[in-house]
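Colleague:
Number of protein chains: 2
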Amino acid sequence: MAARGAAHNTAQAHQTHNHRECIDDALKRAREICAGRGAQLTPLREKVLQIVWRSHKPVGAYDVLDELARSHKAARPPTVYRALDFLMSEGLIHKIESLNAYLGCVEAGAPHSGQFLICRQCGATEEIVDAKLETALDQAAKRAHFAGERKVVEISGLCARCAA
Amino acid sequence: MAARGAAHNTAQAHQTHNHRECIDDALKRAREICAGRGAQLTPLREKVLQIVWRSHKPVGAYDVLDELARSHKAARPPTVYRALDFLMSEGLIHKIESLNAYLGCVEAGAPHSGQFLICRQCGATEEIVDAKLETALDQAAKRAHFAGERKVVEISGLCARCAA
DNA sequence: ACCCCGCTGTTATGATGTAACATTGCCGAA
DNA sequence: TTCGGCAATGTTACATCATAACAGCGGGGT
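Residue numbers (our numbering), protein chains in the order written: chain A, -12 to 151; chain D, -12 to 151.
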């Protein structure tokens, strides 16, 4: 994995960290990943990725559109959805199904479905990578003789800060 | 739990079982549950529940609407969404977030979030109740100091029949 | 008789997502 | 150099999913 700052890219840190660095890290990593694959991270796609990364909260496609339109007047829904589809296919963002919204991926590059903790109070959403949970999902599917492919795991509740 | 036929109410069985009995069981159980709670399972709501139970595939709200309108010309979107909201609040159906569709609950009465195996080929969706997976979800949230409430678990892939 | 309240009716609109075809710009082959 | 192909983007229109807001109706209690 490319070098990156230690505490960045985690939702827990979102109150305290330097978020500009956090975004910059994500964009830099995205460029590296795409360059290594020959995938075209165009200015438009990179701009959409940057908008998604503006916070650690899932962002709706039309919110992305509104923001994008400030600098790109031609933006229309297909513009945004195409960019989001590209970013998802490259594993740079995830869709949060229970919110119909999109979130930057903290493990970009490695294909995975993602596991999310969504605070219903502040909206901050943390992507976790929990090997035991992953195993439990695989085992559960296996017990049911089901060939699992994509896994949606979204736990909503209260983050530590909001619960306090 | 009320007495009910052994192989009913499972998606695996959906190719072979007597689905009329399956629906009847679900409706009977729903009536019992609502009666026991003083919840009003009106004819309209029961009809919607019956429509959702017509198959073991998640059904969209507008598909419910189309079907409902055959016997109930006044049906409009709010009619359906209100009934679906009621049925969800009573734990009689689940929403499948990744499909924006609704499915009869096989463990009606006990409040739970549900874990689903969704076949991308045939659409059949099985609700599983996997204690180990449940534990793994709780543990994962706990490790992240997150107070989990609602859990969305939807694994899509191929059911045993379609994989063969 | 009257009110309250839950359920349903009704109209309109908001929010999310996609189909289909046009245009642009680059790059390689002839 | 010109042309043809192809990926990305532009553009118009529409499909799909969901809810706001207010009206009407009917049963149960006082």
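Note that CB positions come from ideal geometry on N, CA and C, so glycine has one too.
Since the model is a prediction, treat every value here as computed from it, not as a measurement.
#1: Give the straight-line distance between the Cα atoms of A:G95 and A:D72, rounded to the nearest whole angstrom.
#2: Taking the alpha-carbon positions, what's the A:N87 to A:K44 distance?
#3: Threshold first: 4 residues or longer. Then list the alpha helix (DSSP H) segments lying entirely within the stretch 48 to 120 of chain D, N to C.
#4: For the pair the stretch 64 to 71 of chain A and the stretch 35 to 52 of chain A, tell me if three or more CB-CB distances fall below 8 Å.
#5: If D:C146 and D:C109 are in contact, beta carbons under 8 Å, what's the gap, nearest whole angstrom?
#6: Run down chain A in chain order and give the residues with a C-beta less than 8 Å from the C-beta of D:Q102.
#7: DSSP on A:G25, reduced to helix/strand/coil?
#8: Taking D:A134 as part of the alpha helix (DSSP H), name the residues at either end of that continuous run.
#9: Verify the CB distance criterion: does D:I115 have a CB-CB separation below 7 Å to chain A?
#10: I'd like the list of long-range same chain contacts for D:R217, defined as Cβ closer than 7 Å, with 5 residues on each side in sequence excluded.
#11: How should D:E152 be labelled, buried or exposed, when 16 other C-beta atoms within 10 angstroms of its C-beta is the threshold for buried?
#12: Please report how far the alpha carbon of D:K60 lies from the alpha carbon of D:K119, in whole angstroms.
#13: Are the CB atoms of A:E154 and D:G144 nearer to each other than 7 Å?
#14: Report the rounded CA-to-CA distance for A:S85 versus A:D12, giving the unit in angstroms.
#15: Report yes or no: is there a C-beta of chain D within less than 7 Å of the C-beta of A:S76?
#16: Suppose the cutoff is 6 Å on Cβ atoms and the five residues either side in sequence are ignored; what does the same chain contact list for D:G47 look like?
#17: Using the beta-carbon count (16 or more within 10 Å), is D:K82 buried or exposed?
#18: Among A:A150, A:D53, A:H132 and A:A111, which one has its Cα closest to the Cα of D:R148?
#19: Can you pull the chain A residues whose beta carbon is under 8 Å from the beta carbon of D:K119, in chain order?
#20: Quick check on D:K138: buried or exposed, where buried means 16 or more other Cβ atoms within 10 Å of its Cβ?
#21: For D:L124 and A:V116, what's the separation of their Cα atoms in angstroms?
#22: Following the continuous alpha helix (DSSP H) through D:P30, name the residue where it begins and the one where it ends.
Modeller: A quick look at the data gives this:
#1: As a position in the first sequence, residue 95 of chain A is number 108, starting the count at 1. As a position in the first sequence, residue 72 of chain A is number 85, starting the count at 1. In the sequence on display, residue 95 of chain A carries Ala and not Gly. One C-alpha to the other measures close to 15 Å.
#2: Counting from 1 along the first sequence, the entry for residue 87 of chain A is found at position 100. Counting from 1 along the first sequence, the entry for residue 44 of chain A is found at position 57. About 12 Å.
#3: 48 to 56 and 64 to 76
#4: yes
#5: Counted from its first residue, the second sequence places residue 146 of chain D at position 159. Counted from its first residue, the second sequence places residue 109 of chain D at position 122. So it is a contact: roughly 6 Å between Cβ atoms.
#6: Taking the first residue of the second sequence as 1, we reach residue 102 of chain D at position 115. Correct list: A127.
#7: The residue labelled residue 25 of chain A in the question sits at position 38 within the first sequence. Three-state DSSP puts A:G25 in coil, outside helix and strand.
#8: For the purposes of this step, residue 134 of chain D is taken as residue 147 along the second sequence, with counting starting at 1. Where D:A134 is concerned, there is no enclosing alpha helix (DSSP H), although the beta strand (DSSP E) it sits in stretches over A134 to L145.
#9: For the purposes of this step, residue 115 of chain D is identified with residue 128 of the second sequence, where counting begins at 1. It does: the Cβ of D:I115 has a partner Cβ on chain A nearer than 7 Å.
#10: The structure shown does not extend to residue 217 of chain D, since chain D is modelled only from -12 to 151, so the question has no answer here.
#11: No statement about residue 152 of chain D is possible, as the shown extent of chain D runs from -12 to 151 and does not include it.
#12: Translated into positions along the second sequence, residue 60 of chain D becomes position 73. Translated into positions along the second sequence, residue 119 of chain D becomes position 132. For D:K60 and D:K119, the distance between alpha carbons rounds to 46 Å.
#13: Chain A is shown only over -12 to 151; residue 154 of chain A falls outside these bounds and no answer can be derived.
#14: Taking the first sequence and counting its residues from 1, one reaches residue 85 of chain A at position 98. Taking the first sequence and counting its residues from 1, one reaches residue 12 of chain A at position 25. Roughly 27 Å separates the two Cα atoms.
#15: The sequence position of residue 76 of chain A within the first sequence is 89, counting from 1. No, no contact with chain D.
#16: One-based indexing of the second sequence puts residue 47 of chain D at position 60. Cβ neighbours of D:G47 beyond the five flanking positions: A88.
#17: Here residue 82 of chain D refers to the residue found at position 95 of the second sequence. Classification of D:K82: buried, given that the 10 Å Cβ count is 16 or more.
#18: Along the second sequence, read from residue 1 onward, the residue named residue 148 of chain D stands at position 161. If we check each option's Cα against that of D:R148, A:H132 comes out closest.
#19: Counting from one through the second sequence, the residue named residue 119 of chain D turns up at place 132. Here the neighbours are A123, Q126 and A127.
#20: Taking the second sequence and counting its residues from 1, the one referred to as residue 138 of chain D is at position 151. D:K138 comes out buried.
#21: Here residue 124 of chain D corresponds to residue number 137 of the second sequence, with the count starting at 1. Here residue 116 of chain A corresponds to residue number 129 of the first sequence, with the count starting at 1. It is roughly 12 Å from the alpha-carbon of D:L124 to the alpha-carbon of A:V116.
#22: As a working mapping, residue 30 of chain D is identified with position 43 in the second sequence. That run of the alpha helix (DSSP H) goes P30 to V39.
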